Amino acid sequence: MTSLALLERTDVGSPAWWQDVAAAGTPLRAPRGEHVELAFLWRGTDCAAVYLDVYSHTPHPVSQRTALMRLGGTDVWVWRTTLPADWRGSYFLLPVQGGQEAPTERRAVRAWWIDLMTRQACADPFNRLPAHGTGWGVPLSPLLLPQAPVHPAWQVPAAADGMTCRRWHSTRLDVARDVWVIRTGPVHVPLPLVVLLDGQYWAREMPVAGALHAMTAQGALPPAVYVLIDAVSPERRGVEMPCNEAFWLAVQEELLPWVQPFERSPADTVVAGQSYGGLAALYAALRFPDCFGCVLSQSGSFWWPDPARTEGEGWLAEQVNGGLGNDARIVALLEVGCYETEMTGVNGAMAAALARAGHTVHYTVVRGGHDPLCWRDGLLDGLARLLNKTP
Numbered sequence: 030m031t032s033l034a035l036l037e038r039t040d041v042g043s044p045a046w047w048q049d050v051a052a053a054g055t056p057l058r059a060p061r062g063e064h065v066e067l068a069f070l071w072r073g074t075d076c077a078a079v080y081l082d083v084y085s086h087t088p089h090p091v092s093q094r095t096a097l098m099r100l101g102g103t104d105v106w107v108w109r110t111t112l113p114a115d116w117r118g119s120y121f122l123l124p125v126q127g128g129q130e131a132p133t134e135r136r137a138v139r140a141w142w143i144d145l146m147t148r149q150a151c152a153d154p155f156n157r158l159p160a161h162g163t164g165w166g167v168p169l170s171p172l173l174l175p176q177a178p179v180h181p182a183w184q185v186p187a188a189a190d191g192m193t194c195r196r197w198h199s200t201r202l203d204v205a206r207d208v209w210v211i212r213t214g215p216v217h218v219p220l221p222l223v224v225l226l227d228g229q230y231w232a233r234e235m236p237v238a239g240a241l242h243a244m245t246a247q248g249a250l251p252p253a254v255y256v257l258i259d260a261v262s263p264e265r266r267g268v269e270m271p272c273n274e275a276f277w278l279a280v281q282e283e284l285l286p287w288v289q290p291f292e293r294s295p296a297d298t299v300v301a302g303q304s305y306g307g308l309a310a311l312y313a314a315l316r317f318p319d320c321f322g323c324v325l326s327q328s329g330s331f332w333w334p335d336p337a338r339t340e341g342e343g344w345l346a347e348q349v350n351g352g353l354g355n356d357a358r359i360v361a362l363l364e365v366g367c368y369e370t371e372m373t374g375v376n377g378a379m380a381a382a383l384a385r386a387g388h389t390v391h392y393t394v395v396r397g398g399h400d401p402l403c404w405r406d407g408l409l410d411g412l413a414r415l416l417n418k419t420p
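Each number in the working numbering comes from the position in the sequence shown (counting from 1) with 29 added on.
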């Protein structure tokens, strides 16, 4: 019997039924050929509505919210859907009370949703896998269906050893932030350097140190120095990540001398990031190729600065066409998820612009969405390709 069959019982909503739900884990599921039918659940009687956000599947909540339906006379809320059997992604549930309805004015909906999400979003209490988070206080539950790939290095228990946290007070940027340094080789030997953006996520929410040490011990990665830079806040991230020269000058002038020794060759220096971070990583290499010679961009926000752009060339591609980065040749790995329907066009256009300019570029559309559970595998594989110089 599949766990989805629990919804066919006559005692739905009883204490015994909820005990069986907890034992089975949610979402409830049943195979349907190359897909899996799912039922997301919430338990409660004191909420006016329960919203669900399944990354890269449900509509963006600002434009259309996805709500669970309450089964009459019970404390059971349910929403059903079908996903490919190799789906991997994140989701959260958001119960709301009476009086918390969305404003009628569309311009106010975004602020309403962000405030509500930050204060009330919940991981799925019946999901049996460990929750993670956005890095900004929103808890997330993982959804890994039977055929979903999981890099073996992520099976290694997360370890804090081998990672140190420092406080960087930037004079140029006039801000203080945490920076995490992971060294997987000898302390006093220059090693390849990796700058990883949104460091707060990869240090705390999805700790990458254990995976990096494991892959290095296995010979899949060469010893290296990894510098994870905290984005501080969504607001500051929105200023510093999109093609901000001052940020990258501060990184070069203030931060990197602080974490040496490392190899000073652009060919041994990687910048990696996701979403805005993917845009920032590529900009850094194009603007400062004498420092950053290799890029891993995942789901890069190459629509910037126009969020309505889903096709064609954004600002950074236009700069490449105009000669930005022509002083040197970089190696760039660009990947985007097949479910990121509004991102594939601009990422493909960015890759084409890089290729025309003579850079070494490898562009891949992967099975996934705009989601850290998709990025984490590509991050490890991409770093291995760039650091081993086998892109």
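Heads up, the beta-carbon is just placed ideally off N, CA and C, and yes, glycines get one too.
Please read all numbers here as calculations on a predicted model, not as lab measurements.
At least 8 Å separates the beta-carbon of Leu-415 from that of Ala-182. By the Cβ neighbour-count rule, Trp-287 is exposed, with fewer than 16 other Cβ atoms within 10 Å of its own.
Boundaries of the beta strand (DSSP E) harbouring Gly-302: 298-303, taken from the DSSP string. Bridge partners of Ser-92 according to DSSP: none are assigned. Taking the C-beta atoms as reference points, Ala-77 is found nearer than 8 Å to Val-125. Straight-line measurement puts the Cα of Trp-333 at about 12 Å from the Cα of Gln-348. Between His-64 and His-180, the alpha-carbon positions lie close to 21 Å from each other.
Here Ser-330 is buried: its Cβ has 16 or more other Cβ atoms, across all protein chains shown, within 10 Å.
Across the structure, Val-167 and Ile-258 are spaced so that their CA atoms are roughly 20 Å apart. Contact between His-242 and Gly-164 does not hold, since their C-beta atoms are separated by about 22 Å, which reaches or exceeds 8 Å. Within the same chain, Pro-295, Gly-354, Asp-356, Ala-357 and Ile-359 come within 7 Å of Pro-318 by CB-CB distance, once the 5 residues on both sides are set aside. Beta-carbon to beta-carbon, Ala-413 and Ala-382 are separated by about 26 Å, too far to satisfy the 8 Å threshold. The distance from the Cβ of Val-390 to that of Ala-361 is about 5 Å, consistent with a contact at the 8 Å cut-off.
When the alpha-carbon of Thr-193 is set against those of Thr-213, Leu-100 and Glu-369, the nearest one is in Thr-213. In the DSSP annotation of this structure, the continuous segment of the alpha helix (DSSP H) that includes Pro-263 starts and ends at 263-269. Going by DSSP, Arg-206 is part of the beta strand (DSSP E) stretching over 204-212. Inclusion of Gly-127 and Val-83 in the CB contact set at 8 Å is not warranted, their separation being larger than that value.
Judged by DSSP in its simplified three-state form, Cys-403 adopts helix. Ranked by how close their Cα comes to the Cα of Ala-52, the residues Glu-37, Thr-39 and Thr-31 have Thr-31 in first place. In the DSSP annotation of this structure, Gln-149 is not part of any beta strand (DSSP E); the continuous alpha helix (DSSP H) holding it starts and ends at 135-149. Two segments are said to touch when three or more pairs of C-beta atoms, one from each, lie closer than 8 Å; by this definition the stretch 147-158 does not touch the stretch 94-109.
Here Glu-282 carries a helix assignment [DSSP, helix/strand/coil]. Cβ-Cβ separation between Val-256 and Val-210: approximately 6 Å, consistent with a contact (criterion under 8 Å). According to the DSSP assignment, Gln-48 belongs to no beta strand (DSSP E) but to the alpha helix (DSSP H) extending over 44-53. Residue burial annotation: Gln-303 is buried, with at least 16 other C-beta atoms found within 10 angstroms of its C-beta.
In this structure, Trp-108 sits near Leu-81, with a CB-CB distance shorter than 8 Å. Put simply, the backbone Cα of Tyr-305 is about 16 Å away from that of Arg-405.
Taken through DSSP and simplified to helix, strand or coil, Gly-374 comes out as helix. For Gly-101, there is no enclosing alpha helix (DSSP H), since its DSSP letter is neither H nor E. The DSSP-derived three-state label of Met-379 is helix.
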